[in-house]
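For reference, the structure discussed in these notes is given below.
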Amino acid sequence: MNKKSIILGLTLALVGCLPMGASFAAGTPHFTPHFKNNKAVAEYFWNEVFNKHDTAVINTMVGPKYKQHSPEFADGKQAFKDGVSGFLKAYPDSTAVIKHIGADGDLVFIHNHIKLNKEDRGQAAVDIFRIKDGKIVEHWDVIQDIPEKAANDNTMF
-7 MNKKSIILGL TLALVGCLPM GASFAAGTPH FTPHFKNNKA VAEYFWNEVF
43 NKHDTAVINT MVGPKYKQHS PEFADGKQAF KDGVSGFLKA YPDSTAVIKH
93 IGADGDLVFI HNHIKLNKED RGQAAVDIFR IKDGKIVEHW DVIQDIPEKA
143 ANDNTMF
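In case it helps, the numbering used here puts the sequence shown at residues -7 to 149.
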């Protein structure tokens, strides 16, 4: 067996391992799997961007007309990508762990714990995404600092 046959065989074997519905967008190497519902779309997107710091997923998973309600970001996919990229560059150790997630029709709600680094007490946030045709097309958020002391023994999560 020659070298070209081995490479072709390995390539075909790898392609055969991809799940049905997988896609690669033109001009980007990012792999986007097929999702069974909107909640799965938002959860995958969230973890890729805010925990793995992979902003390439924005190219494939955010719709061409992206509406932003957060006052720190302008509308549009590129504005969102630029803003997130700047945040991740400034805070390379940041995380945003999902604590609760729910969906109602085309809206997905993610209650999360944002930390800029391991020592940060962080913030409690709720992000809401509207999803249309498998793409994130709109976003809202509400963010609250986690206080040093609380008037009760309950956590914010």
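Ideal Cβ placement from N, Cα and C applies to all residues, glycine included.
Cα-Cα separation, residue i to residue j
i	j	result
Trp132	Leu99	10 Å
Val129	Thr147	31 Å
Ile102	Gly94	7 Å
Ile138	Val118	13 Å
Ser77	Asn30	24 Å
Asn39	Pro63	22 Å
Pro56	Lys124	11 Å
Ile135	His26	30 Å
Arg122	Val54	10 Å
Cβ-Cβ separation, residue j to residue i (assumed contact under 8 Å), whole Å
i	j	result
Gly126	Val33	6 Å
Proximity of residue i and residue j at Cβ, strictly below 8 Å
i	j	result
Val89	Asn109	no
Lys91	Phe149	yes
Asp175	Lys59	Since the first residue of the chain shown is -7 and the last is 149, residue 175 is not available in this structure.
Residue from the options with nearest C-alpha to residue i
i	options	result
Gly206	Asp85, Val41 and Lys57	Nothing about residue 206 can be read from this structure; the chain reaches only from -7 to 149.
Ala82	Asn144, His45 and Val54	His45
Glu35	Glu140, Ile120 and Ala143	Ile120
Start-to-end residues for the alpha helix (DSSP H) that takes in residue i
i	result
Tyr36	Asn30 to Trp38
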